[in-house]
Amino acid sequence: MFKVAAPGATVHTSPTNRYAIVLARGPEAGDDRIHVFDGGVFLVKHGDHFDLAQEPVTRHALEIVEEWPVHYVNSHGWTTIFADTNGHVILIKELGLTISIGDYEPIVLDAGFQHGAAFVIADDHVILSTSNPACTEFIPSPDCLPVGVEVRTFDDEVVYDAANNSCPGLHGESHNEHGAVFGCFGGVLFVHSHDGQYEHEFIPYPAETGGEVALGLFYGHDHSDNFFAPATLFPDGQCCELGGVWLVDVVNHEMREVFPEPSAAAAFSSDGETFYVLAADGVLRAFDAHDGEMVGTMQLVDPFEIVFGSPSPAIVVVGGWLYAADPNSGRVLGVHLEHMEIEEEWDIGGAPSSLAFVGLIGAEYEDH
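Read left to right, the sequence shown gives residues 379 to 746 (the numbering used here).
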């Protein structure tokens, strides 16, 4: 059992699942922290093969004091954390954590005051949102949403800025093998590269939405052509209601709704072939990631309300299993995805609403 700086923290995994990285926010000023824990399960090269190392979970010496660490993305061996308000982009190299003895220092870039987004888009480049000039100090408002993106080197040199004013009201980000997507007031910004040269395209929301739909949270997978995104609705231009789940096809530059109800949690399968959605009725639904067709359902938890700021269920997929944290029952559930049945159950108490996997999946090693 380890203590973190604040209640209601979220836990995430590092690119190879060795480390758990915890983002703790509030409730008091100065409580915000980024904690790192070593899961203790990893491979060690031994001649022409690998050995399995199994050690106790430990707290890594790296602890970052940062205001409002919110957005978290793994890519290209890096973890990128965007700190809303001051716009700090924190880049943590997993290999650096492994070889450090307490003196690891992440790279920090300054994106300016904003509620923004960033992640490593290539081995030596990071894509990050550009701040709205109207946001001279951070106040939660449309003025402090970004207006586009740019690509920089780790040394903070701008290498692509043609999209820096192309996405008003930017919120939400993800990536797959085709490129990066960002949610905007009028559509989705898609940034990709060819032969080292970056390009961007704007995919507008369908005309029939009448300007009353925005996508501001995206799920991507390197082995899936499509992104999925829960929608936010603006009926008569007023904010806000939860909408359904949309499929975003960046190859054909189109998008459509595939499920009409709000979702509380979602995740891709490990192979990217299936997308799982948990809605407020407590039903887990499986969608074909290629066409968005529903291919399976099961009652996972009791029905619940989705209330902003209150704990809600969370899910994570690990190989052929899906694990769900249910804050209403205090349990963590294990679902065998081939059977779509609950086959494991742990009563941990409290209100678990965030979970991450640390360890190895399908690794090859020799057992001495």
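All C-beta atoms in this analysis are idealised placements derived from N, C-alpha and C, irrespective of residue type, glycine included. None of the values given here were measured: they were computed from a predicted structure.
Handout entry: Residue range of the beta strand (DSSP E) that includes T458
Key = Sequence index remark: in the sequence shown, residue 458 carries index 80 (1-based). Taken as a continuous stretch (DSSP letters only), the beta strand (DSSP E) holding T458 covers 456-461.
Exercise for the section: Rank A512, H549, D502 by C-alpha distance to the C-alpha of D534 and give the top, closest one. Expected result: Stepping through the sequence shown from its first residue, residue 534 is reached at position 156. The option with the nearest alpha carbon to D534 is D502.
Exercise for the section: May I ask whether a heavy atom of the ligand ADP can be found less than 7 Å away from the beta carbon of A500? Expected result: Among the components of this structure there are no ligands whatsoever, and the ligand ADP is therefore not found.
Problem - Rounded separation between F532 and E483 - CA only - result: Numbered from 1 along the sequence shown, position 154 holds the residue referred to as residue 532. Numbered from 1 along the sequence shown, position 105 holds the residue referred to as residue 483. Roughly 13 Å separates the two Cα atoms.
Practice task
Identify, in the order they occur along the chain, each residue of the same chain with its Cβ nearer than 7 Å to the Cβ of F563, setting aside the five sequence neighbours on each side.
Solution key: Reading the sequence shown from its first residue, position 185 is the one you call residue 563. Around F563: P546, G547, A592.
Problem - Separation of G594 from L401, as counted between CA atoms - result: In the sequence shown, the residue the question calls residue 401 occupies position 23. In the sequence shown, the residue the question calls residue 594 occupies position 216. If I take the Cα positions, the gap works out to 20 Å.
Handout entry: Of the listed residues P520, I468, E515, L656, nearest to F497 (C-alpha basis)
Key = On the sequence shown, residue 497 is found 119 positions in, with the first residue counted as 1. For the residues P520, I468, E515, L656, the minimum Cα distance to F497 belongs to I468.
Problem - G417 (DSSP reduced to helix, strand or coil) - result: Position 39 of the sequence shown, counting from 1, holds the residue named residue 417. Three-state result, G417: coil.
Exercise for the section: Determine contact between the segment 642-655 and the segment 663-672, defined as no fewer than three beta-carbon pairs at a distance below 8 Å. Expected result: yes
Problem - For T394, the three-state DSSP class (helix, strand or coil) - result: Along the sequence shown, read from residue 1 onward, the residue named residue 394 stands at position 16. In the structure shown, T394 sits in coil (DSSP, three-state: anything other than H, G, I, E or B).
Handout entry: N-terminal and C-terminal residue of the alpha helix (DSSP H) that L473 is part of
Key = As a first step, residue 473 must be located in the sequence shown, where it is residue number 95. Counting along the chain, L473 sits inside the alpha helix (DSSP H) bounded by residues 472-477.
Handout entry: Secondary structure of T514, DSSP reduced to three states
Key = Residue mapping note: residue 514 aligns to position 136 of the sequence shown, counting from 1. DSSP places T514 in coil when its eight states are reduced to three.
Problem - Residue from H599, V623, E586, A540 with nearest C-alpha to S571 - result: Here residue 571 refers to the residue found at position 193 when the sequence shown is read from its first residue. Residue A540 is the option with its Cα nearest to S571.
Practice task
Please say whether H449 and L475 have beta carbons closer to each other than 8 Å?
Solution key: Here residue 475 refers to the residue found at position 97 of the sequence shown. Here residue 449 refers to the residue found at position 71 of the sequence shown. Cβ atoms of L475 and H449: not closer than 8 Å.
Problem - Short CB-CB distance (under 8 Å) between L473 and chain E - result: Note that chain E does not occur in the displayed structure, where there is just one protein chain.
Handout entry: Closest residue to A729 among P385, M379, Y583 (Cα-Cα distance)
Key = The residue given as residue 729 occupies position 351 in the sequence shown. The residue with the shortest Cα to Cα distance from A729 is P385.
Problem - Alpha-carbon to alpha-carbon, C618 and S690 - result: Residue numbering aside, residue 690 sits at position 312 when the sequence shown is read from its first letter. Residue numbering aside, residue 618 sits at position 240 when the sequence shown is read from its first letter. Using only the alpha carbons, I get a separation of about 19 Å.
Exercise for the section: Drop a sphere of 10 angstroms on the beta-carbon of H601, count the other beta-carbons inside from all chains shown, and report buried for 16 or more, exposed for fewer. Expected result: For the purposes of this step, residue 601 is identified with residue 223 of the sequence shown, where counting begins at 1. Exposed is the call here.
Exercise for the section: Ignore the nearest five residues each way along the sequence and tell me which others in D725's own chain have a CB closer than 7 Å to its CB. Expected result: Your numbering for residue 725 matches position 347 in the sequence shown. Taken in chain order, the residues that qualify are G708, R709.
Handout entry: Burial state of E551 (16 or more Cβ within 10 Å)
Key = Sequence index remark: in the sequence shown, residue 551 carries index 173 (1-based). So E551 ends up on the buried side.
Handout entry: Three-way DSSP call (helix, strand, coil) for D680 in this model
Key = The sequence position of residue 680 within the sequence shown is 302, counting from 1. Note: D680 maps to coil in three-state DSSP.
Problem - Local conformation of P520 per DSSP, three classes - result: As a working mapping, residue 520 is identified with position 142 in the sequence shown. Looking at P520 - three-state DSSP - the assignment turns out to be helix.
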